[in-house]
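Be aware that the sequence shown starts at 147, since it is given in the working numbering, and climbs by one per residue. Data first, discussion second: the structure below is written as structure tokens.
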Amino acid sequence: IWNLIEGAHDAWSGWLCVLVVGLCTGVVAGVIDIGASWMTDLKFGICPQAFWLNREQCCWSSNETSFDSGNCSQWLTWAEVLGQSREGAGSYIISYLFYIVLALLFAALSASLVRMFAPYACGSGIPEIKTILSGFIIRGYLGKWTLVIKCVGLILSVSAGLSLGKEGPMVHIACAIGNILSYLFPKYGRNEAKKREILSASAAAGVSVAFGAPIGGVLFSLEEVSYYFPLKTLWRSFFCALIAAFILRSINPFGNEHSVLFYVEYNKPWIFFELIPFIGLGIIGGVIATIFIKANLHWCRYRKYSKLGQYPVTEVLVVTVMTAIIAYPNPYTRMNTSQLIYLLFSQCGISNSDNLCDYNRNFTDVNSAIEIAAAGPGVYKAIWLLIVALILKLVMTIFTFGMKVPCGLFIPSLCLGAIVGRIVGIGMEQLAYNYPKNWLFSGECSTGDDCITPGLYAMVGAAAVLGGVTRMTVSLVVIMFELTGGVRYIVPLMAAAMASKWVGDALGRQGIYDAHIALNGYPFLDSKDEFQHTSLAADVMQPKRNETLSVITQDSMSVDDIEALLKETEHNGYPVVVSRESQYLVGFVLRRDLNLAIANAKRMADGICGQSIVLFTSGNPPQTLGPPPLKLKKILDMAPITITDQTPMETVVDMFRKLGLRQTLVTHNGRLLGVITKKDVLRHIKQMDNEDPNSVLFN
């Protein structure tokens, strides 16, 4: 029975682990959402009856039957708190000042926390997660402090009104939760390769809670972050994303009956000729994304190599002040970015009072169908404000992404695309209104029906820019229709996503995450790249022809010799050979195991001392008068992965990619010639592509 229980525990521990990760991720995401929405509204005013409510909840608690979102009597702006009237120049100036001061306070807190307690908590975290999942270990990146500061810093930096989103950081937060919880299950905590299965599932849960898109999360983990994604991981990721989304749904931070972020109800099907503007939006999205990536990389490179990099908090404060001063006068940049996207996605109803919906409609009764109509002056005013908002958002996001606060990229990208899409949509709608007899529109729009939905164009544009920035395709389309609940618009989304990816690839090779991996010099072998050079393993291996290789012999080195070797060199592990003369390969031993084994042997006090011979063979040595030998055969890897010196580098690169190797040994007729590490491979690829081979991080 005990064996059965142990076997079951072993089989179930993976599922149990992702279950706990999903639970915790859902709870943390709920707390972050609630905190961020309350503090964002705090910049504008307060709910005196119950200060812990945000503007929307405050207005629900009031007993007025109809309220325009956030203009109920319960909610006081800061000007009203100080005794001013709601309108007027005095109240505008007071509100403006409060907005700037509170934004500064939040941003300063966020940047200082990151600077003092967890430098790894800055940025989006997705480039690093990709690198970790490819087999590189960044110590402390997924630790407890990073998790706590990332959560608190994220609430603060989102509330500061900076041009950033909380989606990328949610992936980092979920992976940190996965890493910390995996230590409760020794099978996963102690084994890095096993732990990566949990991290892949955590990444799926992160996207699942960020957007309320569980299937999109699984596909995102598969397409964008994971390196090795077997079926077992797929099922576990699915389960983890499901649990996380379920928990978040029960906390209900969006406070409405829809579990999705930007729920839309378009009742019109799209028309075939609209594919032309949709693909056009894809092309525009790819261009905007390329401008953003190039400009952002240029700025990040400048920050890295100039004095600016030494003053991260000052930089955050300057960008925050600029953002707040520029954003407040324009109603579209003043509002929360998620609210703006929702506004751009939504349809114009009968009761909408926003400028975007100022059409010259004459309703005879409330139930008359919304017909297509000429745009009123409000629409044109809104278009100008949106064009200004587009330029400001683009510029502010270029400077914001990569600052030393937690910041994601999904929401700003969606916002840029939604603005472009809505403007194009209004243009198409007015074309259809003014030229109903044109052959394009005559078939579908002849009756004066409202046959074109500007909100749909906003949705397609949002997908196009986000696709261009991140180069996602499949997961992007699924996330978009899970975000909005618009399943019948899959084809327009697919068309725009493909167009934007092709344009992006034509104008610049890398998406934003790969570009940041290259900028930071992380040792990441991209499995999508082709290696087309004709070099051999002998050209790449270390040491070069005339240098000596650090090796351990199987039965002729003492403990002192090995400790000296460990002190002199920094290698991750050492090949074990029969003797220095023959160089016949026996196996490979890891540095960590050697250190542990020698320390344990000294502690056990079996008479092992510095003069003891270290044995990697199974037989007994001839009896000598000296101290007893130290037998280390059990830590020796007898079957290390080896290649010959004539193996083409194309094959070697493939092995590193597919097997996630850290190093491979080069032999000739069984004799050891050298070692090729992952970093040697990366250096070689850089050299072959005529880039600087020293830009890869070597720590």
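Just so you know, even glycine gets a beta-carbon here, dropped at the ideal spot from N, CA and C. Computed from a prediction, not measured in an experiment: that's the story for all the values here.
Exercise for review: Inspect the beta-carbon positions of L502 and L560 and report whether they are closer than 8 Å.
Suggested key: The count along the sequence shown starts at 1 and reaches residue 502 at position 356. The count along the sequence shown starts at 1 and reaches residue 560 at position 414. No. Outside cutoff.
Check your understanding: Would you call the segment 552-567 and the segment 298-310 touching, i.e. three or more CB-CB distances under 8 Å?
Key -> yes
Check your understanding: For M703, which beta-bridge partners are listed by DSSP?
Key -> Here residue 703 corresponds to residue number 557 of the sequence shown, with the count starting at 1. Its beta-bridge partners are V760.
Review point. Just to confirm, are Y409 and T630 a CB contact at a threshold of 8 Å?
Key: One-based indexing of the sequence shown puts residue 409 at position 263. One-based indexing of the sequence shown puts residue 630 at position 484. Going by C-beta atoms, Y409 is nearer than 8 Å to T630.
Point to revise | Cut-off 6 Å between Cβ atoms - residues of its own chain near D846, not counting five sequence neighbours on either side | key: The structure shown does not extend to residue 846, since the chain is modelled only from 147 to 845, so the question has no answer here.
Review point. In whole angstroms, what separates the C-alpha of W184 from that of S396?
Key: Residue 184 sits at position 38 when you count from the first residue of the sequence shown. Residue 396 sits at position 250 when you count from the first residue of the sequence shown. Cα to Cα, W184 sits roughly 19 Å from S396.
**Study point:** Whole-angstrom distance between G236 and L562, CA atom to CA atom
**Key:** For the purposes of this step, residue 562 is identified with residue 416 of the sequence shown, where counting begins at 1. For the purposes of this step, residue 236 is identified with residue 90 of the sequence shown, where counting begins at 1. Computed Cα separation, rounded: 33 Å.
Review point. Which one of A349, M468 and Y374 has the shortest CA to CA distance from C386?
Key: Taking the sequence shown and counting its residues from 1, one reaches residue 386 at position 240. By alpha-carbon distance to C386, the top candidate from A349, M468 and Y374 is A349.
**Study point:** Option in G765, L782, S354 and M784 with minimal Cα separation from P775
**Key:** Here residue 775 corresponds to residue number 629 of the sequence shown, with the count starting at 1. It is G765 whose Cα lies nearest to the Cα of P775.
Exercise for review: In the DSSP assignment, find the unbroken beta strand (DSSP E) run with R817 in it and report its ends.
Suggested key: Position 671 of the sequence shown, counting from 1, holds the residue named residue 817. Note, R817: beta strand (DSSP E), R817 to T823.
Review point. What's the C-alpha gap between P135 and E716?
Key: What is shown of the chain runs 147 to 845, which leaves residue 135 out entirely.
Check your understanding: Can you name the residues that DSSP bridges to P552?
Key -> In the sequence shown, residue 552 corresponds to position 406, counting from 1. Bridge partners of P552: G269.
Exercise for review: For E370, count neighbouring Cβ atoms within 10 angstroms of its own Cβ and tell me buried if that reaches 16, exposed if not.
Suggested key: Taking the first residue of the sequence shown as position 1, residue 370 is located at position 224. Under this definition E370 is a buried residue.
Point to revise | P194 to L251 span [Cα, whole Å] | key: Reading the sequence shown from its first residue, position 48 is the one you call residue 194. Reading the sequence shown from its first residue, position 105 is the one you call residue 251. Distance between the alpha carbons of P194 and L251 is about 21 Å.
**Study point:** Same chain, Cβ closer than 8 Å to D156, neighbours up to 5 away in sequence not counted
**Key:** The count along the sequence shown starts at 1 and reaches residue 156 at position 10. Excluding positions up to five away in sequence, the list reads K333.
Review point. Does the Cβ-Cβ distance between G571 and L602 come in under 8 Å?
Key: Within the sequence shown, residue 571 is the residue found at index 425, counting from 1. Within the sequence shown, residue 602 is the residue found at index 456, counting from 1. Yes, these two residues count as a Cβ contact at 8 Å.
Exercise for review: Rank I389, Y581, N442 and E575 by C-alpha distance to the C-alpha of A175 and give the top, closest one.
Suggested key: Numbered from its first residue, the sequence shown carries residue 175 at position 29. Checking every option, the nearest Cα to that of A175 belongs to I389.
Point to revise | Nearest residue (CA-CA) to L443, options A520, A254 and L665 | key: Here residue 443 corresponds to residue number 297 of the sequence shown, with the count starting at 1. Nearest C-alpha to L443: L665.
Check your understanding: Should F384 go down as buried or exposed, given a rule of 16 or more other Cβ atoms within 10 Å for buried?
Key -> As a position in the sequence shown, residue 384 is number 238, starting the count at 1. By the neighbour-count rule (16 or more Cβ atoms within 10 Å), F384 is buried.
Check your understanding: What residues match up with D783 in a beta bridge as DSSP calls it?
Key -> As a first step, residue 783 is located in the sequence shown; it is residue number 637 there, counting from the start. The bridge partners DSSP lists for D783 are F734.
Check your understanding: Between R737 and L712, is the Cβ-Cβ spacing less than 8 Å?
Key -> Residue 737 sits at position 591 when you count from the first residue of the sequence shown. Residue 712 sits at position 566 when you count from the first residue of the sequence shown. Cβ atoms of R737 and L712: closer than 8 Å.
Point to revise | Which of helix, strand or coil DSSP assigns to T483 | key: To locate residue 483, count along the sequence shown from 1; it is residue 337. T483 falls in the helix class under three-state DSSP.
**Study point:** Residue span of the beta strand (DSSP E) that contains P721, given as start and end
**Key:** Here the question's residue 721 lines up with position 575 in the sequence shown. Segment G719 to V723, the beta strand (DSSP E) holding P721.
Point to revise | DSSP-derived helix/strand/coil call for H679 | key: The residue labelled residue 679 in the question sits at position 533 within the sequence shown. In this structure, H679 counts as coil in the three-state DSSP scheme.
Exercise for review: Report the rounded CA-to-CA distance for E837 versus E202, giving the unit in angstroms.
Suggested key: Here residue 837 refers to the residue found at position 691 of the sequence shown. Here residue 202 refers to the residue found at position 56 of the sequence shown. If you take the alpha carbons of E837 and E202, they lie about 53 Å apart.
Practice item. Thinking D504 and V534 are a contact (beta carbons under 8 Å), I'd like their distance in whole angstroms, please. Key: Reading the sequence shown from its first residue, position 358 is the one you call residue 504. Reading the sequence shown from its first residue, position 388 is the one you call residue 534. So it is not a contact: roughly 18 Å between Cβ atoms.
Check your understanding: Tell me, which residues are paired with Q688 by DSSP?
Key -> Taking the sequence shown and counting its residues from 1, the one referred to as residue 688 is at position 542. V821, per the DSSP bridge assignment.
Review point. When the Cα atoms are used, what is the spatial distance from S212 to A322?
Key: The count along the sequence shown starts at 1 and reaches residue 212 at position 66. The count along the sequence shown starts at 1 and reaches residue 322 at position 176. In this prediction, S212 has a pLDDT of 47, which is less than 50 and means its spatial position is unreliable; nothing more can be read from the coordinates.
Check your understanding: Among the residues of its own chain, which have a CB less than 8 Å from the CB of T797, if the five just before and after it don't count?
Key -> On the sequence shown, residue 797 is found 651 positions in, with the first residue counted as 1. Closer than 8 Å at the Cβ level, and outside the excluded window around T797, lie I789.
Check your understanding: Below 8 Å between beta carbons: does that hold for V355 and L394?
Key -> Numbered from its first residue, the sequence shown carries residue 355 at position 209. Numbered from its first residue, the sequence shown carries residue 394 at position 248. Closer than 8 Å, so yes.
**Study point:** Environment of R634 [buried if 16+ CB atoms lie within 10 Å]
**Key:** Translated into the one-based positions of the sequence shown, residue 634 becomes position 488. Burial check for R634: the Cβ neighbour count within 10 Å stays below 16, so the residue is exposed.
Practice item. Examine the Cβ distances between the segment 353-367 and the segment 259-274 and report whether three or more of them are shorter than 8 Å. Key: The segment 353-367 vs the segment 259-274: no contact.
**Study point:** Cβ neighbours of P477 in the same chain (closer than 8 Å, five flanking residues each side left out)
**Key:** As a first step, residue 477 is located in the sequence shown; it is residue number 331 there, counting from the start. Excluding residues up to 5 positions away in sequence, L531 lie with their Cβ nearer than 8 Å to the Cβ of P477 in the same chain.
Exercise for review: Tell me whether V697 sits in a helix, a strand or coil according to DSSP, three-state version.
Suggested key: Within the sequence shown, numbered from 1, the residue matching residue 697 stands at position 551. If DSSP states are grouped into helix, strand and coil, V697 belongs with coil.
Point to revise | Residue from L228, A604 and N398 whose Cα sits closest to the Cα of I180 | key: Numbered from 1 along the sequence shown, position 34 holds the residue referred to as residue 180. Of the candidates L228, A604 and N398, N398 places its Cα closest to the Cα of I180.
Check your understanding: Quick check: the segment 675-689 against the segment 454-465, are there 3 or more CB pairs under 8 Å?
Key -> no
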